[in-house]
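Some notes on the structure that comes next.
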Amino acid sequence: MDSKMQTSLLLILGTVVMFAAFFFIYPTRPVELAREQTLNLMTDTTLAKAGIVLGYGGVVAMIVGLLGVSRTMFMKGGAGASYGNIAFVLFVALVASMIARACIELGVTGAPDLTSGLLLLNIENAMASTTPLVMGVAMTLLGLGIYFAKNFHVGVGAIAIIAGVINIVRPFADNNGLDLAGLVGFGILALTVGISKMRASA
Amino acid sequence: MDTKRQTGLLLVLGTIISMVGWIAFYPADPTDAAAVWATKLIADPDMAVTGMVLGFGGTVALLIGLFNIARRITMGNGAGSSYANVSTILILATITLLVVVAGFEFTVAGAESVQAVGPVVGVAYAMNSTMPLVLGLAVIALGVGIALEKTYQIKNLPIVALLGVISGVILVASVIAENTDWQGIGWPVLMLTTLALGVLRLRASD
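Quick note, the sequences are listed as chains A and B, same order. When we follow the numbering used here, the leftmost residue of the first sequence carries the number 369, and every step to the right adds one. When we follow the numbering used here, the leftmost residue of the second sequence carries the number 590, and every step to the right adds one.
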């Protein structure tokens, strides 16, 4: 499998798996109270573990795909290289952060009691609070890089910038609608970049 | 914008912005005990968030600048490449730590009381305590790499490399000796190093 095909598969399959897992398998919702979330994760541990592994696995696949795109932009040089470079570093940090969050949530499913589970979930939620900000900055820079490098359709760059700005605002706005828009924007960006890559590969 | 100019700007502006954020806005001190630190953040959340955005943002920016310099030396396969390679990985780890700690601190600043976020305060404080160790080792490795490469010299003297090694040693020693006061020397020396590296990078002819 060539690198282009791998990147596009990571982005497309990662998006599909993430949305399927978080909307249909993961037993809790971010709008619920921390206590309810903990109880839901601890009640059906098999379902919760499947949701966590697939959900976070999908997100990690998507970020690794975007990381590949930004690294290619940097390695090629040109007008988008400097933007791709910063996006690359931030995506690496996000991958590590996502893996740590997934591990903590898996710890919640195996917690001996509600208090221990709640403690772990609060730590995970705290870690999650700045994820959109970092992801938003990375996506915006990736969009600027695409705009200047012209390695994708300009519309893809615009999607990246819009989704990025929404994600930057998320931690400060504390709005459920905006949270969903940020997540959907991230998914749309991954899908459009993945499809563009796949077409280029073909 | 070319990468050389970007690296220089990241180092210079990142250093200035982080110093403004930590010194002028951030309401707590690195020497504060965990409970005192959390109380100060909760007491003035707006100021704390502004300080954190500038402080963490600036620090991440200057670390990306250092990452660019370390990677450039690594790619050059010269005498200092093996040291710079270690530095590259440790800087990436430090950036990840910063991203995670920023999340903890945002949560603490938005909490109603220290008791409500007790575990988060504990974990954030623990991670904050060990971060200088990783960053210190990264800067020592980078300083040695720069010295061996004989680059970023001021009047043919490896002043910047030496400053980097000194700041790294102080930061590492502060963690081992559990003396946060030493960080009051380590951080400014590190800032001076990054500022000098940024200026030299901007003035470089290649």
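By construction, the Cβ of each residue, glycine as well, lies at the ideal position given by its N, Cα and C atoms.
| Asked | Found |
| --- | --- |
| Would you call Ile431/A buried or exposed, if buried means 16 or more other Cβ atoms sit within 10 Å of its Cβ? | buried |
| Listing by chain order, which chain E residues have their CB less than 8 Å from the CB of Phe656/B? | Of the protein chains in the structure, A and B, none is chain E. |
| Return the residue from the list Leu686/B, Gln704/B and Tyr741/B that minimises the CA-CA distance to Leu724/B. | Leu686/B |
| Buried or exposed: Thr683/B, going by 16 or more other Cβ atoms within 10 Å of its Cβ? | buried |
| Within its chain, find whatever has a CB closer than 8 Å to the CB of Ala623/B; leave out the 5 residues flanking it on each side and keep chain order. | Val710, Gly711 and Tyr714 |
| Compare the Cα-Cα distances from Thr477/A to each of Val537/A, Ala531/A and Gln405/A and report the closest residue. | Gln405/A |
| Counting only Cβ-Cβ distances shorter than 7 Å, please list the residues of the region 438-465 of chain A near chain B, keeping chain order. | Ala449, Ser450, Asn453, Ile454, Val457, Val460, Ala461, Ala464 and Ser465 |
| Write down the C-beta distance between Leu681/B and Val457/A rounded to the nearest angstrom, noting that I regard them as a contact closer than 8 Å. | 7 Å |
| Verify whether the separation of the beta carbon atoms of Gly425/A and Gly382/A is less than 9 Å. | yes |
| Can you list, in chain order, the residues of its chain with a C-beta nearer than 6 Å to that of Leu415/A? Leave out the 5 residues immediately preceding and following it. | Pro395 |
| Among the residues of its own chain, which have a CB less than 6 Å from the CB of Ala517/A, if the five just before and after it don't count? | Met441, Gly446, Ala447 and Gly448 |
| Quick check: the region 646-665 of chain B against the region 692-705 of chain B, are at least 3 beta-carbon pairs closer than 8 Å? | no |
| From the DSSP output, read off the bridge partner residues of Ile606/B. | Note: Ile606/B sits in no beta bridge, so no partner. |
| Tell me whether Leu559/A sits in a helix, a strand or coil according to DSSP, three-state version. | helix |
| Looking at C-alpha atoms only, which residue of Gly545/A, Ala558/A, Leu401/A and Ile380/A is the closest neighbour of Gly525/A? | Ala558/A |
| Flag this pair as yes or no: are the beta carbons of Thr769/B and Thr592/B separated by less than 9 Å? | no |
| Of the residues that make up the region 680-693 of chain B, which ones have a beta carbon closer than 7 Å to any beta carbon in chain A? | Leu681, Ile684, Thr685, Val688, Val689, Ala691, Gly692 and Phe693 |
| Going by DSSP, name the residue or residues bridged to Leu746/B. | Ile743/B |
| Counting only C-beta atoms, is Val706/B closer than 9 Å to chain A at any point? | yes |
| Curious, which full-length beta strand (DSSP E) runs of at least 3 residues does the region 654-724 of chain B contain? | none |
| Are there 16 or more other CB atoms within 10 angstroms of the CB of Gly523/A, so buried, or fewer, so exposed? | exposed |
| Please classify Arg403/A as buried or exposed, where buried requires at least 16 neighbouring CB atoms within 10 angstroms. | exposed |
| Roughly how many angstroms lie between the CA atoms of Val421/A and Val384/A, to the nearest whole one? | 14 Å |
| What first and last residue would you give for the alpha helix (DSSP H) that runs through Ala418/A? | Thr413 to Lys444 |
| Going by Cα to Cα distance, which pick from Ala568/A, Lys372/A, Ile454/A and Glu400/A is closest to Leu486/A? | Glu400/A |
| State yes or no: is the C-beta of Val758/B within less than 9 Å of the C-beta of Ala461/A? | no |
| Identify which residue in Leu409/A, Thr375/A, Ser376/A and Lys372/A has its Cα closest to the Cα of Phe390/A. | Leu409/A |
| Are the Cβ atoms of Ser450/A and Gly532/A separated by less than 9 Å? | no |
| Would Trp776/B pass as a contact of Leu760/B if the rule is Cβ separation under 9 Å? | yes |
| Just tell me which of Ala627/B, Val609/B, Gly610/B and Ser756/B has its CA closest to the CA of Val706/B. | Ala627/B |
| Count the other CB atoms within 10 Å of the CB of Pro398/A; is the residue buried (16 or more) or exposed (fewer)? | exposed |
| Using the three-state DSSP reduction, which class does Tyr615/B fall into: helix, strand or coil? | coil |
| Return the CA-CA distance between Ala506/A and Gly452/A, expressed in angstroms with no decimal places. | 9 Å |
| Listed in chain order, which residues of the region 522-550 of chain A have Cβ atoms closer than 7 Å to some Cβ of chain B? | Pro539 |
| Closer than 9 Å, CB to CB, is Leu599/B near chain A or not? | yes |
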